[in-house]
Amino acid sequence: MHYNYAILGSGRQGTAAAYDLLLYGNCKSLWLVDQNSRQVESARKRLQKLTNNSSIQTRAIDIRDRQKLSEFLQEIDVCISAVPFYFNLEITKAAIATQTSMCDLGGNTAIVYQQLALHEEARKAEVSIVPDCGMSPGLANNLAAYLISKFDQPEEIYIWDGGLPQNPRPPWNYLLTFNFEGLINEYYGTTEFIRQGKIVEIPAFTEYELVPFEEPLGELEAFVTTGGTSTAPRTYLGRLQTYQNKTLRYPGHFHQWNVFKQAGFFETEPVKVNGNEYRPRDLLLAVVEPQIRARPGDKDFAIIRVKGLGKIKNQKTELFLEIIDRYDEDTGFTAMERLTGWHAAIVAGMIARGEVTTGAIPLEKAVSGERIVQEIRKRGIAVKEY
899 MHYNYAILGS GRQGTAAAYD LLLYGNCKSL WLVDQNSRQV ESARKRLQKL TNNSSIQTRA
959 IDIRDRQKLS EFLQEIDVCI SAVPFYFNLE ITKAAIATQT SMCDLGGNTA IVYQQLALHE
1019 EARKAEVSIV PDCGMSPGLA NNLAAYLISK FDQPEEIYIW DGGLPQNPRP PWNYLLTFNF
1079 EGLINEYYGT TEFIRQGKIV EIPAFTEYEL VPFEEPLGEL EAFVTTGGTS TAPRTYLGRL
1139 QTYQNKTLRY PGHFHQWNVF KQAGFFETEP VKVNGNEYRP RDLLLAVVEP QIRARPGDKD
1199 FAIIRVKGLG KIKNQKTELF LEIIDRYDED TGFTAMERLT GWHAAIVAGM IARGEVTTGA
1259 IPLEKAVSGE RIVQEIRKRG IAVKEY
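Quick note: to get my numbering, add 898 to the position in the sequence shown (first position is 1).
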């Protein structure tokens, strides 16, 4: 069978997801949707050149217009939301109302739980809603699920992940390959871990550590950010003693950005500046984002390492999974786009083929870790097990 897909948002991750669906999704049609008509047309031309596929169509829609979005979704089998996380709840409601299945890039666990609360409505509409299908949350959680399945008695899961420039530029030594608001969202608030068999709330920008990798990465710093564990701690509560996730950066990033946090630049409550009101994080965006935004020719790494502890045949065992992906010279997709957009596309394809049950389902329950590892490897991404 062939399916009708829509990608809401034609930016970096949306374009990468569209590319993957064109190659592997059995597309009958693929729609790129964005209110920026110039950007969506540029994405279409790039995808057509890469895939030689003429089934790509575009539509300029403001997704905040519920009526226009709903009218468009009527003929779509599965859509991927590749827009900022704060749009996902309303898109989910529109998808259920039009009997359109959906997955998204997520990133905000509070919104994910609001989406999952619509489980009965989604089930009655006979659609599948799967939030948090990016790199992390997303692929990293599926890798953790795969590792858990290897143990007779799993006990502890530790995840480290991050995106880094191959050629870091001082003073930031960081490359923004996704939405700035999404970055600050990860650096703000608290996240849920499992510790000693109980769910605990851990603040972002705490629990600093250094983690060794082989060159050219070398020693990286890791610290708590929000959203990476997503719904997994509640899913594995009662089964695991530990489930946690930390973000990887080059040394210096933690202390540099912690200054912004301590100064209040991650806050959303407006402050007055010369008689005008601004959100502090908008000021940070205006000043810093242009300096760290990925430029043409910039190349990156995307890293996921998962460590599992448990018992196999009653023997204490330690297992690792690791992906270190790189910018793809052939397609021009960054490693972050490959691990984020392609993961969402894999889940969308599985939904279209009927491999995912109906309802609003947490990612780690919706798809098996083993299937995701198979699909990732099919795309030439190395998953190292040791």
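Using N, Cα and C, we set each Cβ at its ideal position, and we do this for glycine too.
For Ile1082, I'd like the list of residues in its chain whose CB is within less than 6 Å of its CB, leaving aside the five on either flank, ordered along the chain.
Cβ within range, chain order: Phe1164, Arg1179.
Buried or exposed: where does Phe1199 fall if 16 or more other Cβ atoms within 10 Å of its Cβ makes it buried?
Under the 10 Å beta carbon count, Phe1199 is surrounded by 16 or more other beta carbons and is classified as buried.
Backbone CA spacing between Gly1150 and Phe1076 [nearest angstrom]:
21 Å
Given this structure, state the Cα-to-Cα distance separating Glu1119 from Leu1037, to the nearest angstrom.
21 Å
Span separating the alpha-carbon of Lys1263 from that of Arg1203:
21 Å
Using beta-carbon positions only, say whether Ile1057 and Gln1142 come within less than 8 Å of one another.
Going by C-beta atoms, Ile1057 is nearer than 8 Å to Gln1142.
Taking C-alpha atoms, which residue in Tyr1011, Leu967, Arg1277, Val981 lies nearest to Thr998?
Leu967
Among the candidates Glu1273, Asn1156, Val976, whose CA atom is the shortest distance from the CA of Pro1101?
Among Glu1273, Asn1156, Val976, the Cα nearest to that of Pro1101 is on Asn1156.
Starting from the C-beta of Asp1286, find all residues in its chain whose C-beta is less than 7 Å away, skip the five residues before and the five after it, and write them out in chain order.
Look at the range of the chain in this structure, 899 to 1284, and you will see that residue 1286 is not part of it.
Taking the runs of the beta strand (DSSP E) that are 3 residues or longer, which of them lie wholly in the segment 1200 to 1248?
Correct list: 1213 to 1224.
Take Tyr1050 as the anchor and find which of Pro1110, Pro1066, Ser1266, Arg1137 has the nearest alpha-carbon.
Looking at the sequence itself, residue 1050 is Asp, so the reference to Tyr does not match. Of the listed residues, the one whose Cα sits closest to Asp1050 is Arg1137.
Beta carbon of Gly1257, beta carbon of Asn1040: below 8 Å?
no
In the structure shown, what three-state DSSP assignment does Thr949 receive?
helix
Are the beta-carbon atoms of Ala980 and Leu945 separated by less than 8 Å?
no
So, Val1177 versus Pro1168, is the Cβ gap smaller than 8 Å?
In the sequence on display, residue 1177 carries Arg and not Val. Their beta carbons are under 8 Å apart, which means Arg1177 touches Pro1168 by this criterion.
In chain order, which alpha helix (DSSP H) runs of at least 4 residues are fully inside the segment 957 to 992?
964 to 971
Whole-Å CB distance - Leu1062 paired with Arg957, under 8 Å assumed:
That pair is no contact at about 35 Å.
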